[in-house]
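Protein chains in written order, with this note's numbering: chain A, -3 to 394; chain B, -3 to 394.
Cβ coordinates follow ideal geometry from the N, Cα and C atoms, glycine included.
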């Protein structure tokens, strides 16, 4: 008996790799500040729980495969009112988190031997979805010195060949927080259009932009409506990661018809969770303002703390709730392990996500880390101080 | 831009194919009895809703990727007490329905060009999961005349070649309701063992056996623990299809480690739904007895009604809540469409799932149907009478 070549090419999540060391550290009495996982501590709107409490049907039945009509309508309304994009009902499929939307997309457009262009560092689970579809990632390289910007026409076009099927982006970016300017979005849309490529844009962090920008979407370019596939999710927008409600959006009717086959095969997405998310789409617009302000303050704390550490390279990111930085250490995986096994300050330590797992190119990102600024300001500041103390102690050892 | 070859090989669900005609029939004022989809009308245990109402955390967080520990423990306890199989925590992964367990399994064990042996007729979504993994189905043929029995060593072994990776079964069967005898289970386990094949057994209908048998599982054969992969689900067991909670079980540690990669990539399964299902695993054992009795009565009604229709070929199935039958009509897809567009009796008609979609072999199953006996006895009887009247009228037309 042998395992598939695709699963053998896949890897474990770099965010979860140090979990056993964390368990041991906690067992030894250490308190750990978690900047390694994008699990916000912001309360889920009570409306979600109320909707679930009020669910009054005696049988918890399958939802329709494309999603419950109320949620599809709520998503369409949000895009119309908040993003300025007009979608029809059939342009929207509800999925089990943004993750399933990504997985369905890869299975619809990628075959064995195909390539997809993705700027690196990128969200590591893209690897699994692309590999499971038999394809591989062609990374657009970036550097911490210019804030991981990737919107460079020449660089991107140089990667296109006969095997290229799509360009995939996260905007605002995870793990970098990099936000595309409108002209950059237009330029990338042009590349996709000129080369006949799908343009898969993961916009789950859309609300989290801190430069006063209007909310924007790649779906607003009508001339690339056939190319564009959006990944969206309720997880971050409403701090409801555990609801596992994502959205797959495209105005390419043939694509959506193919995607529906996978939605039918897995029958439905959880009924109660869809009901909960409908209620959150009814929240007043100032809900987003409040959470944006909160995250902006946290970003500012994290950035200031990074800049105070000698030798760190980090530009101030414009969005999402992640930051990537180059540290003055030899290997951030070794450093993370050491922080859990050998370091503490007043019984406390911290976790980040080591950078290498966010790169497709072997050897890259070894002295980089990603942090998620998802903790309250005081906790975040303490975690960053522990990072600074840790770097000092790590480099002073021996 | 082109779509993947795999999605082009996939098809829509045969259970959902006639949905547009059903919508039109309802709009025209017809009442439709649905025997086409396995959505039971039995109430979901109130404990599930109570557990969700009592969920008291302010943030709806990601669950751990393998599933919440309480649910994993509940599943292990159920296998120990009800099925007599000892499982360790790491033998169990919680999935988004049995569907995701199937999809993960196919991605772990199948590559482009591989083959998997499955008795036909089979659950049509197996097609999508196998195709998405790049592989193809080698069907074991059966006939309605002997109740779709497939446990024939010679027949199965004749299909094994260098590309064969696994044998996949649904036991009790969907769409046939066929239940393997203990000796048949042992024989199939032997084939898997002797030929070094994975044995994927979908046992989501385990509780629904009507011959007084003890609950059984392919997982009880210790000597094929490395070969065996179980698919399980809360959907049918607790009449909670909309919760989308499945289980992937194997004592093959390497397989489970690979499967965990996919679980990590999609982050987690819905938190509230896992919580709801934990509470249902605490139900007293007579819960299963009551629902088994109810389904047995329904099976007896459906079988009796089938036998009263001249020309129908159907054996009495031993389990699940499906029955497959050969009808005296030319084409059951055409007949289904006609039942929705041209037939009614006192303003009523009925739906089944046409047989062809359950076969891999082209042309097979055209005069067969699957029914799901998921309605109350009176409704079921009426639906079967409508089927009888429909056959008569359909064959008498022109």
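Got a sec? Which residues, its chain only, sit under 6 Å from residue 301 (chain B) by beta carbon, not counting five neighbours each side?
-> 380
For a contact meaning CB atoms closer than 7 Å, what does residue 58 (chain B) contact in chain A?
-> 35, 237 and 238
3-residue-minimum beta strand (DSSP E) runs that sit fully inside the segment 214 to 285 of chain A, ordered along the chain | 224 to 229 and 241 to 246
Residue 166 (chain B) versus residue 198 (chain B) - alpha carbon distance = Rounded to the nearest whole angstrom, the C-alpha separation of residue 166 (chain B) and residue 198 (chain B) is 5 Å.
Using the DSSP secondary-structure output, state which residues sit across from residue 341 (chain B) in a beta bridge.
-> B:344
Where residue 87 (chain B) falls: helix, strand or coil (DSSP) | helix
Segments assigned beta strand (DSSP E), at least 3 residues, entirely inside the segment 295 to 327 of chain B | 318 to 322
Could you name the residues of chain B that residue 106 (chain A) contacts, counting a contact when the two beta carbons are closer than 7 Å?
-> Ordered by position in chain B, the residues that pass the 7 Å Cβ test against residue 106 (chain A) are 0.
For the beta strand (DSSP E) containing residue 11 (chain A), list its first residue and its last residue.
-> Membership of residue 11 (chain A) in any beta strand (DSSP E) is not indicated, and neither H nor E is assigned to it by DSSP.
With a Cβ-Cβ cutoff of 8 Å, do residue 328 (chain B) and residue 351 (chain B) count as a contact?
-> yes
Residue 353 (chain B) to residue 276 (chain B) span [Cα, whole Å] = 33 Å
Would residue 322 (chain A) be called buried (16 or more neighbouring beta carbons within 10 Å of its own) or exposed?
-> buried
Would you call residue 289 (chain B) buried or exposed, if buried means 16 or more other Cβ atoms sit within 10 Å of its Cβ?
-> exposed
Supposed contact pair residue 143 (chain B) and residue 311 (chain B) - C-beta distance, whole angstroms, cut 8 Å | Yes, residue 311 (chain B) and residue 143 (chain B) are in contact; Cβ-Cβ is about 3 Å, under 8 Å.
Measuring CB to CB, does residue 189 (chain B) end up less than 8 Å from residue 148 (chain B)?
-> Their beta carbons are not under 8 Å apart, which means residue 189 (chain B) does not touch residue 148 (chain B) by this criterion.
Taking residue 285 (chain A) as the reference, which of A:76, A:389, A:116 and A:210 has the closest Cα?
-> When only C-alpha atoms are compared, the closest one is A:210.
Would you report the Cα separation of residue 253 (chain A) and residue 291 (chain A), rounded to the nearest angstrom?
-> 38 Å
C-alpha gap between residue 43 (chain B) and residue 272 (chain B), whole angstroms | 7 Å
On the DSSP bridge assignment, give the partners of residue 134 (chain B) in chain order.
-> B:113
Please confirm if residue 216 (chain A) has its CB atom under 8 Å from at least one CB of chain B.
-> no
Within the chosen definition, does the segment 95 to 113 of chain B reach the segment 154 to 169 of chain B through at least 3 CB pairs nearer than 8 Å?
-> yes
Exposed or buried, what is residue 127 (chain A) when buried is set at 16 or more other beta-carbons lying within 10 Å of its beta-carbon?
-> buried
Compute the Euclidean distance between the alpha carbons of residue 158 (chain B) and residue 33 (chain B), then round it to the nearest angstrom.
-> The straight-line gap from Cα to Cα measures roughly 37 Å.
Residues of chain B with CB under 7 Å from residue 263 (chain A), in chain order?
-> 93 and 95
May I ask you to list the residues that DSSP assigns as paired with residue 204 (chain A)?
-> Paired residue(s): none; residue 204 (chain A) is not in a bridge.
My guess is that residue 249 (chain B) and residue 6 (chain A) are in contact by the Cβ rule of under 8 Å, so how many angstroms apart are they, rounded?
-> No, residue 249 (chain B) and residue 6 (chain A) are not in contact; Cβ-Cβ is about 17 Å, not under 8 Å.
Is the CB-CB distance between residue 89 (chain B) and residue 237 (chain B) below 8 Å?
-> Judged by their CB atoms, residue 89 (chain B) and residue 237 (chain B) are not nearer to each other than the 8 Å cut-off.
Mind checking which residues open and close the beta strand (DSSP E) that includes residue 364 (chain A)?
-> 364 to 368
Which residues of chain B have a Cβ atom closer than 8 Å to the Cβ of residue 49 (chain A), listed in chain order?
-> 48 and 49
Does the beta carbon of residue 348 (chain B) sit closer than 8 Å to a beta carbon anywhere in chain C?
-> Judged by its chain identifiers, the structure shown contains no chain C, and its protein chains are A and B.
Should residue 339 (chain A) be flagged as near chain B, meaning a C-beta pair shorter than 8 Å?
-> no
Residue range of the beta strand (DSSP E) that residue 30 (chain B) falls in?
-> 27 to 30
Under a three-way DSSP split, which group does residue 145 (chain A) fall into?
-> coil
Close-in-space but distant-in-sequence residues of the same chain around residue 78 (chain A) (CB under 6 Å, 5 per side omitted) | 211
Which residue's Cα is closest to the Cα of residue 319 (chain A): A:228, A:118 and A:62?
-> Looking only at A:228, A:118 and A:62, the smallest Cα-Cα distance to residue 319 (chain A) is reached by A:118.
Cutoff 8 Å; reference residue 229 (chain A); Cβ partners in own chain excluding five residues on either side | Excluding residues up to 5 positions away in sequence, 93, 94, 97, 200, 241, 242 and 243 lie with their Cβ nearer than 8 Å to the Cβ of residue 229 (chain A) in the same chain.
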